[in-house]
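Colleague: These protein sequence lines map, in sequence, to chains A and B. Just so you know, we're using the numbering used here here: the first sequence kicks off at 1 and counts up by one. Just so you know, we're using the numbering used here here: the second sequence kicks off at 1001 and counts up by one. Yeah, the Cβ is synthetic: ideal placement off N, Cα and C, and Gly gets one too. Note that the coordinates shown come from a computational prediction; the quantities given were computed from them, not determined experimentally. One structure, pasted below without further comment.
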Amino acid sequence: MIKFKKTAILCVSALMFSGAIAAGDFDKEIDGRQSYMGVLGYNMGILGAMAGEKMPYDADLASAAARNLALAAAMNNGSMWPQGSDMDSTEGTWAKADLWQNFPIVMDQLGNLKTYSEALATNAGNGLSSLQAGMKGVGDSCKECHKRFRAKKN
Amino acid sequence: MSGRAGVVTRGALMMLKKASMGMFIAIVIGSMWLIMPPRAASIITAERIPNADSGHILLQAGGCFACHTDTDDYAGGLRLDSPFGDFYSPNITMNTTQGIGGWSLNDFALAVRQGISPEGTFYYPVMPFTAYQGMTDQDIADMWAALQQLPNSDQSNIAHDLPFPFNQRLLLKGWRLLFFKQDRVDPEQRGAYLAEHVLHCAECHTPRNRLGALIASKHFAGNDQLPDDNAAPDIRSHVLKDNGWVAADLKYLFAEGMLPNGDYVGGTMVEVTDYGTAALSSEDRALLADYLLGN
């Protein structure tokens, strides 16, 4: 996990200070991260529907969705978050500029998301109560960033 | 021609004198009305046996913890950036100098349900007394009992930073006359009572007019002008249903903060779910969901 965090921080830092990306031209990166969040959300939606008893619990489906989530959470997505791609600087995003001022917090939460997703991938197939218990850590890591760094969309 | 002009001038002068006198009387009456102390109201009407456990849940669900906590629990200091200036929540621990340790239960009831301090000062409606006005005596007594159990903090209060004319609290008397309505939901209608009074959902999910009052005709129709670039969606029952929401979705949202599409809430709604609705019983969350869906 430490290696993951260091790599991501280095990657993001390199992008922040390289000046390689022209300001205001971040459509690809914004599309990329929104699609990435969509993948996380798609799998969380399946898990949440079962955890909230909106649909019947299915161990195989829960395991598959949780494994997908863990794989996605382990991705190095640093290049999707270049400096200057915040909502005050460009269109099409609700990411607050604060996100880039507080990158260590973001990296901590990404680390938490990876850790809790791995645990969920191990336990989601062990029954509804295991799934429900495992959702909390994943959700908390998502909410911590959404609370501080995402505007408008509720 | 000049005589006729003279008659008109004398008539105009008489009218002007009458108008001036009327204006003077209006100013005198208006000034007296402004400086008169507010009427005492919201007294707890009967002896209550307080339930502090219930009070702790109400303090969470009512947003007291979320708004009155910056560093120390319930010690205030949280800044709210609004179109009228910056507000800072006060210390509501039982500290006798910085907090509300010198208050009585009735002082507390007056503050929460009427937005009036024990000294007769009007609170800005950033404190949602306009919603809390419908809370029951029992719930107020329970919250008061819970506050007695919390750690004391001597954290100093921070003065609001408001430009003129919003820093003139006397204007709040006029605001209250125009917009503060006593409109209580029957507490037996538990879902409605929670949504309208305790959780005060309308405070974020209803748009406001230029004077900061909720637009009643757009109750729950959403507000994209919240502080810190936040927005609250339209949660009218027909809109929720049109968007595919069912009771299970809302119950899980209230418990975990997750939306049906797998996204998690953001902004201040995280505090509403984590500190507020998550503190409620699952039965209360179900009743709340039914009310919002119009079931």
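1) Just grab the DSSP bridge partners of aspartate 1086(B) for me.
2) Between cysteine 142(A) and valine 106(A), how many whole angstroms is the CB-CB distance? I'm expecting something under 8 Å.
3) Assuming alanine 124(A) contacts alanine 74(A) (C-beta within less than 8 Å), just tell me the rounded distance between them.
4) Quick check for students: name the residue ranges of the alpha helix (DSSP H) that lie wholly in the segment 1084-1142 of chain B, counting only runs of 4 or more.
5) Compare the C-beta of serine 134(A) against all C-beta atoms of chain B and say whether one is closer than 8 Å.
6) Scan the segment 34-59 of chain A for residues whose Cβ lies nearer than 8 Å to a Cβ of chain B and list them as they occur along the chain.
7) Any idea what DSSP makes of asparagine 1243(B), helix, strand or coil?
8) Within 8 Å, do at least three Cβ pairs link the segment 1047-1062 of chain B to the segment 1269-1288 of chain B?
9) Our contact map puts proline 1090(B) next to aspartate 1107(B) with C-beta atoms below 8 Å; I'd like the distance itself, whole angstroms only.
10) So what does DSSP say about glutamine 132(A), is it helix, strand or coil?
11) Name, in chain order, the residues that DSSP records as bridge partners for threonine 1069(B).
12) When the Cα atoms are used, what is the spatial distance from tyrosine 1074(B) to leucine 1080(B)?
13) Counting Cβ pairs, one atom from each stretch, are 3 or more of them under 8 Å apart for the segment 1134-1141 of chain B and the segment 1195-1207 of chain B?
14) Would DSSP call glutamine 34(A) helix, strand or coil?
15) Below 8 Å, how does it come out for the segment 112-131 of chain A and the segment 1226-1240 of chain B: are there three or more Cβ pairs, yes or no?
16) Does the beta-carbon distance from asparagine 1261(B) to alanine 1145(B) come in below 8 Å?
17) Using the Cα positions of glutamine 83(A) and glycine 32(A), report the straight-line distance between them to the nearest angstrom.
18) Using C-beta distances below 6 Å, list every residue in its chain close to isoleucine 46(A), excluding the 5 sequence neighbours before and after it, in chain order.
19) Does any residue of chain B have a CB that is nearer than 8 Å to the CB of glycine 139(A)?
20) Using a Cβ distance threshold of 8 Å, determine whether the segment 1244-1257 of chain B contacts the segment 48-62 of chain A, with at least three qualifying pairs required.
21) Determine the contact status of aspartate 1290(B) and alanine 1247(B), defining contact as a CB-CB distance below 8 Å.
22) Show which residues of chain B have a CB atom less than 8 Å away from the CB atom of lysine 114(A).
23) Based on Cα-Cα distance, which residue from Asp1142(B), Ser1217(B), Ala1159(B), Asp1249(B) lies nearest to aspartate 1053(B)?
24) How many angstroms separate the CA atom of serine 36(A) from the CA atom of aspartate 1183(B)?
25) If you check the beta carbons only, do tryptophan 1175(B) and proline 1125(B) fall under 8 Å apart?
26) Pick from Asp1186(B), Leu1240(B), Asn1157(B): whose alpha carbon is nearest that of threonine 1071(B)?
27) Which residues in the same chain as arginine 150(A) place their Cβ atom closer than 8 Å to its Cβ, once the five residues preceding and following it in sequence are excluded?
28) How big is the Cα-Cα spacing for alanine 1216(B) and asparagine 1223(B)?
29) Taking Cβ to Cβ, would you say alanine 70(A) is nearer than 8 Å to leucine 131(A)?
30) Taking Cβ positions only, does arginine 67(A) come closer than 8 Å to chain B?
31) Please say whether leucine 1287(B) and glycine 1212(B) have beta carbons closer to each other than 8 Å?
32) Cysteine 1067(B): which of Pro1083(B), Thr1093(B), Thr1045(B), Arg1048(B) sits nearest, CA to CA?
33) Could you give the DSSP three-state label for glycine 19(A): helix, strand or coil?
34) Please check the pair serine 85(A) and glutamate 29(A), which I expect to be a contact at CB under 8 Å, by giving their CB distance rounded to whole angstroms.
35) Short of 9 Å Cβ to Cβ, which residues in the segment 1254-1273 of chain B face chain A?
36) Considering Cα atoms alone, identify which of Asn43(A), Gln34(A), Lys114(A), Ser129(A) is closest to glycine 137(A).
Modeller: Taking the geometry as given:
1) Asp1081(B), Asp1161(B)
2) Incorrect: roughly 12 Å between the Cβ atoms, too far for contact.
3) Rounded, the Cβ-Cβ distance is 16 Å, inconsistent with contact.
4) 1105-1114, 1129-1132
5) Before going on, a small fix: residue 134(A) reads as glycine here, not serine. Not one chain B Cβ lies under 8 Å of glycine 134(A).
6) Met37, Leu40, Gly41, Tyr42, Asn43, Met44, Gly45, Ile46, Leu47, Gly48, Ala49, Ala51, Gly52, Glu53, Lys54
7) coil
8) yes
9) At roughly 14 Å, the Cβ-Cβ gap does not stay under 8 Å, so proline 1090(B) and aspartate 1107(B) are not in contact.
10) helix
11) Gly1076(B)
12) 15 Å
13) yes
14) helix
15) no
16) no
17) 15 Å
18) Ala65
19) yes
20) yes
21) yes
22) In chain order: nothing, as chain B lies at least about 16 Å away.
23) Asp1142(B)
24) In the sequence as presented, serine is not what sits at residue 36(A); that position holds tyrosine. When rounded, the distance between both Cα atoms is 46 Å.
25) yes
26) Asn1157(B)
27) Trp94, Ala95, Lys96
28) 13 Å
29) no
30) no
31) no
32) Thr1093(B)
33) For glycine 19(A), the predicted structure reports a pLDDT of 43, less than 50, and the residue's modelled location is therefore unreliable. The matter cannot be settled from this model.
34) 6 Å
35) Ala1255, Glu1256, Gly1257, Met1258, Leu1259, Pro1260, Asn1261, Gly1262, Asp1263, Tyr1264, Val1265, Gly1266, Gly1267, Thr1268, Met1269, Val1270, Glu1271, Thr1273
36) Lys114(A)
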